[in-house]
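Visitor: Add 54 to a position in the sequence shown, counting from 1, and you land on the number used in the numbering used here. Don't be surprised by glycine CBs; every beta carbon is placed ideally from N, CA and C. What you are looking at is a predicted structure, and each value in this text was computed from that prediction instead of being measured.
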Amino acid sequence: MKKVVLGIEKFRDRPPSWLRKAGIGLLANQASVDPSLKHTKNVLAELVGKNLRALFAPQHGIRGQLQANMVASGDEIDPQLGIPIFSLYTHKSRIPTEEMLKDIDILLIDLQDIGTRAYTFATTMGLCMEAAAKCGKKVIVLDRPNPIGAERTEGNLLRENLRSFVGYCCLPMRHGMTIGELALFFNGENKIGVELEVVPMEGYRREYLFSHTRLPWVNPSPNIPTPDTALVYPGQVLLEGTNLSEGRGTTKPFEFFGAPYIDSLSLKRGLEQRNLPGVTFREISFIPQFDKWKGQTCQGLQLHVTDPFTFKPYYTSLAIIQEVIKRWPEEFAWRSPPYEYVFDKLPFDLITGDEDIRKGLEEGRDLDAIEATWRKELEEDFMATRQRYLLY
Numbered sequence: 055m056k057k058v059v060l061g062i063e064k065f066r067d068r069p070p071s072w073l074r075k076a077g078i079g080l081l082a083n084q085a086s087v088d089p090s091l092k093h094t095k096n097v098l099a100e101l102v103g104k105n106l107r108a109l110f111a112p113q114h115g116i117r118g119q120l121q122a123n124m125v126a127s128g129d130e131i132d133p134q135l136g137i138p139i140f141s142l143y144t145h146k147s148r149i150p151t152e153e154m155l156k157d158i159d160i161l162l163i164d165l166q167d168i169g170t171r172a173y174t175f176a177t178t179m180g181l182c183m184e185a186a187a188k189c190g191k192k193v194i195v196l197d198r199p200n201p202i203g204a205e206r207t208e209g210n211l212l213r214e215n216l217r218s219f220v221g222y223c224c225l226p227m228r229h230g231m232t233i234g235e236l237a238l239f240f241n242g243e244n245k246i247g248v249e250l251e252v253v254p255m256e257g258y259r260r261e262y263l264f265s266h267t268r269l270p271w272v273n274p275s276p277n278i279p280t281p282d283t284a285l286v287y288p289g290q291v292l293l294e295g296t297n298l299s300e301g302r303g304t305t306k307p308f309e310f311f312g313a314p315y316i317d318s319l320s321l322k323r324g325l326e327q328r329n330l331p332g333v334t335f336r337e338i339s340f341i342p343q344f345d346k347w348k349g350q351t352c353q354g355l356q357l358h359v360t361d362p363f364t365f366k367p368y369y370t371s372l373a374i375i376q377e378v379i380k381r382w383p384e385e386f387a388w389r390s391p392p393y394e395y396v397f398d399k400l401p402f403d404l405i406t407g408d409e410d411i412r413k414g415l416e417e418g419r420d421l422d423a424i425e426a427t428w429r430k431e432l433e434e435d436f437m438a439t440r441q442r443y444l445l446y
């Protein structure tokens, strides 16, 4: 299996001739490292010295220490480099201002995405591209692998009325693109018009899971500790819009799920009757140390992905929610707003990007029939559009 060479490695080894003449900004976090675990900010500091003018931090902060959903970070000064770190996740705004961009000519973006529309780093990238276009700045995206594979797609497309920080662009939940391909997609489909360059990887294949890349894994956010977590996330993120614990406050976020009102064995039997592909379930008991049901004993299940190439995370988690609604209709509830700075829409609708998904679950519609409602636009419309922006 060929070694995967990251965008940052190619940029470091073959720096453009103009590099030392330009003011550089970097959007990154703790997972922005090369294969030796050297941070991209330090790679750039060695390349350009004081021309590295500013760092920009996505949700969770530049070091990835903050929890999710409206836990804001503030601006600070990098203690090593003495340059500003601008937070792009605050209560006031999540878009870089003209003042933040004034000293830079080029914004480099080096973020590890996890292949899911609701993961907020892609939104931050898109908003940065918009701001750069308005200010006449160039954007360069240093590409990284999609850890859950860049072949498969799944889920309904985002509806225009449900755009939010967890839904920047008309994508399915599992979009099957790398962060660099997403940048090209955003620039074209959202008509951003920024001067954009993507530094592609070498040796990367679309079917690769993260384990195939032979690269070190650094959790891109506090509750994505492993590539296994990333694999279930396109479905299990839906639980954030319910009163089910998605496993935050445990050692297996998104793999563990449950609530005090759940009967693990009953739920397991119901899910097993569905013959869901590529996954099995194990009965568990857990006590979340923070977030939903903190300090209370929850009964639930752990997802064990047995075949990542047939596993359908979005369909699987819809099945989980449907089984819970069927068995515990009085205890189950949709989470109330606010969610990611939206105060007037149900979080579940923001996450799925289509109110009809929730309504179908509430009405007990056949899940295959719900899936059929999005299959045509996914397989025909989206896939044809997506193809124009693929690099691998």
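If contacts are defined as beta-carbon pairs under 8 angstroms, then L165 and L135 qualify, I think. What distance do you get, rounded to the angstrom?
Guide: One-based indexing of the sequence shown puts residue 165 at position 111. One-based indexing of the sequence shown puts residue 135 at position 81. Contact between L165 and L135 does not hold, since their C-beta atoms are separated by about 19 angstroms, which reaches or exceeds 8 angstroms.
Visitor: Could you work out which residue in A438, R442, L432 and A187 is closest to L212 when comparing CA atoms only?
Guide: For the purposes of this step, residue 212 is identified with residue 158 of the sequence shown, where counting begins at 1. Residue L432 is the option with its Cα nearest to L212.
Visitor: In angstroms, rounded to a whole number, what distance separates the CA positions of Y129 and M154?
Guide: Numbered from 1 along the sequence shown, position 75 holds the residue referred to as residue 129. Numbered from 1 along the sequence shown, position 100 holds the residue referred to as residue 154. The displayed chain sequence assigns Asp, not Tyr, to residue 129. Their Cα atoms are separated by approximately 11 angstroms.
Visitor: Check for me: the alpha helix (DSSP H) holding E409 runs from which residue to which?
Guide: In the sequence shown, the residue the question calls residue 409 occupies position 355. E409 to E416 is the span of the alpha helix (DSSP H), which, as asked, contains E409.
Visitor: Excluding the 5 residues flanking V378 on each side, which residues of the same chain have their C-beta closer than 6 angstroms to its C-beta?
Guide: Your numbering for residue 378 matches position 324 in the sequence shown. The answer, listed in chain order, is F386.
Visitor: So what does DSSP say about P274, is it helix, strand or coil?
Guide: On the sequence shown, position 220 is the one that residue 274 refers to. DSSP, read as helix, strand or coil, puts P274 in coil.
Visitor: Taking the alpha-carbon of Q290 as reference, which of F240, H358 and R259 has the nearest alpha-carbon?
Guide: Taking the first residue of the sequence shown as position 1, residue 290 is located at position 236. It is H358 whose Cα lies nearest to the Cα of Q290.
Visitor: Leaving out five residues before and five after D88 in sequence, what residues of the same chain have Cβ atoms less than 8 angstroms from its Cβ?
Guide: Taking the sequence shown and counting its residues from 1, the one referred to as residue 88 is at position 34. Once the five neighbours on either side are set aside, the close Cβ partners of D88 are L60, I62, E63, R66, T94 and V97.
Visitor: Does the Cβ-Cβ distance between Y446 and R198 come in under 8 angstroms?
Guide: Counted from its first residue, the sequence shown places residue 446 at position 392. Counted from its first residue, the sequence shown places residue 198 at position 144. Contact: no.
Visitor: What does a CB cutoff of less than 6 angstroms around G180 pick up in its chain, not counting 5 residues either side in sequence?
Guide: If you number the sequence shown from 1, residue 180 lands on position 126. Answer for G180: Y222 and F240, listed in chain order.
Visitor: Which residue's Cα is closest to the Cα of L400: K322, Y287, L292 and T207?
Guide: As a working note, residue 400 is residue 346 in the sequence shown. Looking at the Cα atoms, L292 is the closest of the given residues.
Visitor: For a minimum of 4 consecutive residues, which ranges assigned as the alpha helix (DSSP H) are wholly contained in the region 112 to 198?
Guide: For the region 112 to 198, the continuous alpha helix (DSSP H) assignments of 4+ residues that do not extend past its boundaries occur at 152 to 155 and 175 to 189, in sequence order.
Visitor: Among C189, A99, K92 and N83, which residue has its Cα nearest to the Cα of F110?
Guide: The sequence position of residue 110 within the sequence shown is 56, counting from 1. It is N83 whose Cα lies nearest to the Cα of F110.
Visitor: Where does S371 fall in DSSP's three states?
Guide: Position 317 of the sequence shown, counted from the first residue, corresponds to residue 371. When DSSP states are grouped into helix, strand and coil, S371 belongs to the helix group.
Visitor: Can you give the beta carbon distance from G247 to A187, rounded, assuming they're within the 8 angstroms contact cut?
Guide: In the sequence shown, residue 247 corresponds to position 193, counting from 1. In the sequence shown, residue 187 corresponds to position 133, counting from 1. Contact annotation, G247 with A187: C-beta distance approximately 5 angstroms; criterion of less than 8 angstroms satisfied.
Visitor: Rounded to a whole number of angstroms, what is the C-alpha to C-alpha distance between R268 and P201?
Guide: As a working note, residue 268 is residue 214 in the sequence shown. As a working note, residue 201 is residue 147 in the sequence shown. Between R268 and P201, the C-alpha separation is close to 11 angstroms.
Visitor: What does a CB cutoff of less than 8 angstroms around Y369 pick up in its chain, not counting 5 residues either side in sequence?
Guide: Position 315 of the sequence shown holds residue 369. Cβ within range, chain order: E208, G289, L330, L421 and E425.
Visitor: Between the region 345 to 365 and the region 305 to 313, are three or more C-beta pairs nearer than 8 angstroms?
Guide: Because the criterion of three Cβ pairs below 8 angstroms is met, the region 345 to 365 and the region 305 to 313 touch.
Visitor: Closest to I374 by C-alpha separation, out of E409, I158 and V333, would be which residue?
Guide: Residue 374 sits at position 320 when you count from the first residue of the sequence shown. Nearest C-alpha to I374: V333.
Visitor: Looking only at C-alpha atoms, which of E251, E434 and H114 sits nearest to M183?
Guide: The sequence position of residue 183 within the sequence shown is 129, counting from 1. It is E251.
Visitor: What do you get for A423, buried or exposed, if any count of 16 or more other CB atoms within 10 angstroms of its CB means buried?
Guide: Looking up residue 423 in the sequence shown gives position 369. Classification of A423: exposed, given that the 10 Å Cβ count is below 16.
Visitor: Determine, using beta carbons only, whether R171 and L216 come nearer to each other than 8 angstroms.
Guide: For this step, residue 171 is matched to residue 117 along the sequence shown. For this step, residue 216 is matched to residue 162 along the sequence shown. It is not a contact, given that the beta carbons lie outside the stated cut-off.
Visitor: Buried or exposed, going by whether 16 or more other CB atoms sit within 10 Å of the CB of V253?
Guide: Locating residue 253 in the sequence shown gives position 199, counting from the first residue. With 16 or more other Cβ atoms within 10 Å, it is buried.
Visitor: For G125, which option in N273, D132, H114 and R381 has the closest C-alpha, if you only look at C-alpha atoms?
Guide: Working through the sequence shown from its first residue, we reach residue 125 at position 71. Per the sequence shown, residue 125 should be read as Val rather than Gly. Per the Cα distances, H114.
Visitor: Quick one: using the 10 Å Cβ neighbour count with 16 as the cut-off for buried, is G418 buried or exposed?
Guide: Residue numbering aside, residue 418 sits at position 364 when the sequence shown is read from its first letter. Exposed, because fewer than 16 other Cβ atoms sit within 10 Å of the Cβ of G418.
Visitor: Taking 8 angstroms as the CB-CB limit, is P69 close to chain C?
Guide: The displayed structure is made up of one protein chain only, and chain C is not part of it.
Visitor: In whole angstroms, give me the CA-to-CA distance for L161 and Q376.
Guide: Taking the first residue of the sequence shown as 1, we reach residue 161 at position 107. Taking the first residue of the sequence shown as 1, we reach residue 376 at position 322. Near 44 angstroms, if we compare the C-alpha coordinates of Q376 and L161.
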